[in-house]
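Following: one structure in structure tokens, then a few remarks.
In the numbering used here, the protein residues as written are 116 to 495.
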């Protein structure tokens with residue numbers, strides 16, 4: 116598949132610029148980035164990713180990464196919300212994960228406006244589900260389907276979510292585990308404003324309380340039991356570099372500022388732009404080296420993995436942490452070279468630094484990726 120004409124490289128640049136226009140405002144306010152998501156919708160991103168059987172363009176995995184990198188270059192909070200939403204659309208391309216009638220409604224809504232979807236997995240007591248355990252959140256049967264009760268932590272896009280996929284267990288003697296799809300405006304759903312983070316401040320990643328929130332029978336998507344319930348987000352997958360892409364975008368945005376500053380800054384004692392000095396040129400080379408490394412891994416590893424290379428799929432968690440290291444190193448190099456101006460809130464570089472540091476929290480986290488790789492090569 117190829118990208119639609121509205122998502123050419125030129126237009127991806129325009130999308131970056133449009134999303135970036137409101138990034139600083141939303142970073143300062145912490146409000147849900149409505150304008151940024153509207154720009155993404157106008158650019159045709161959701162239409163591009165929808166499966167062909169639903170009237171979409173069904174762009175391929177590499178093009179999806181380019182799109183997310185472009186959005187992340189403008190505003191990574193918007194990119195994270197979009198990435199989580201696209202995960203549902205991608206899963207639905209080949210088979211009906213969601214009930215057909217419900218997903219058709221989502222597609223119709225998406226044609227009119229940006230529709231946000233995300234899973235609600237983490238819990239205050241359990242922590243990250245990628246590290247194991249069953250949810251305390253429970254679904255019980257009702258006369259009309261299900262009702263879910265529990266509290267979730269770090270639910271990205273919470274205040275603007277149209278659909279929550281709530282990770283929960285049934286109240287049966289032998290519990291089943293899955294996700295219950297509930298509407299964001301359902302009675303009994305309450306947002307607890309807990310998100311006050313260093314980075315991705317506009318991602319609206321608050322806690323959510325579900326108090327008997329109801330959903331129809333077919334809205335429960337059971338996770339197959341294979342001896343242990345595993346968090347899908349923690350498994351090696353050909354599509355496991357989605358979040359990494361948006362942080363490469365953040366690092367490219369940091370590079371953009373570094374280049375502009377280097378050309379504009381003319382110290383009185385030097386009499387010419389600092390871009391003409393060996394020191395700044397060397398740092399510029401280091402930043403570019405880190406980004407070339409990150410992008411080569413991002414697109415190269417994904418291309419091999421989606422082509423069915425089993426070894427490449429197994430290495431995706433390692434690729435993720437190496438991409439993240441490179442993205443962070445690129446931004447840190449820019450900050451170190453520019454000194455005080457880099458940390459001033461009048462410039463965007465300090466925001467890029469705060470945002471890129473959030474890359475480490477997405478599963479698999481570094482220790483898990485290294486442990487898995489070590490066990491694999493040792494055969495233990």
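Even glycine gets a Cβ: it sits at the ideal position worked out from N, Cα and C.
Residue i classed as buried or exposed, judged by whether at least 16 other C-beta atoms fall within 10 angstroms
i	result
residue 172	buried
residue 382	exposed
residue 157	exposed
residue 423	exposed
residue 302	exposed
residue 466	buried
residue 329	buried
residue 340	exposed
residue 326	exposed
As assigned by DSSP and simplified to three states, the class of residue i
i	result
residue 209	coil
residue 277	coil
residue 455	helix
residue 289	coil
residue 467	helix
residue 193	helix
residue 257	strand
residue 244	helix
residue 432	helix
residue 301	coil
residue 187	helix
residue 230	coil
residue 118	Residue confidence is low: residue 118 scores 41 on pLDDT, short of 50, so the model does not pin down where it sits. Its coordinate-derived value is still stated next. Three-state DSSP puts residue 118 in coil, outside helix and strand.
residue 317	helix
residue 174	coil
Segment limits, beta strand (DSSP E) that includes residue i
i	result
residue 335	335 to 337
residue 296	292 to 298
residue 265	260 to 270
Under 8 Å between C-beta atoms of residue i and residue j
i	j	result
residue 294	residue 234	yes
residue 453	residue 434	no
residue 283	residue 324	no
residue 163	residue 186	no
residue 370	residue 315	no
residue 296	residue 273	no
residue 362	residue 180	no
residue 166	residue 208	yes
residue 193	residue 134	yes
residue 196	residue 271	yes
residue 215	residue 238	no
Cα-Cα separation between residue i and residue j, rounded to whole angstroms
i	j	result
residue 168	residue 396	50 Å
residue 113	residue 277	Here the chain comprises residues numbered 116 to 495, so residue 113 is not present and cannot be evaluated.
residue 290	residue 335	13 Å
residue 145	residue 317	4 Å
residue 357	residue 442	14 Å
residue 408	residue 261	48 Å
residue 337	residue 367	39 Å
residue 126	residue 480	33 Å
residue 259	residue 178	41 Å
residue 210	residue 420	20 Å
residue 449	residue 376	10 Å
Boundaries (first-last residue) of the alpha helix (DSSP H) holding residue i
i	result
residue 156	149 to 157
residue 389	It is not in any alpha helix (DSSP H) - residue 389 carries neither H nor E in the DSSP assignment.
residue 216	215 to 227
residue 489	481 to 493
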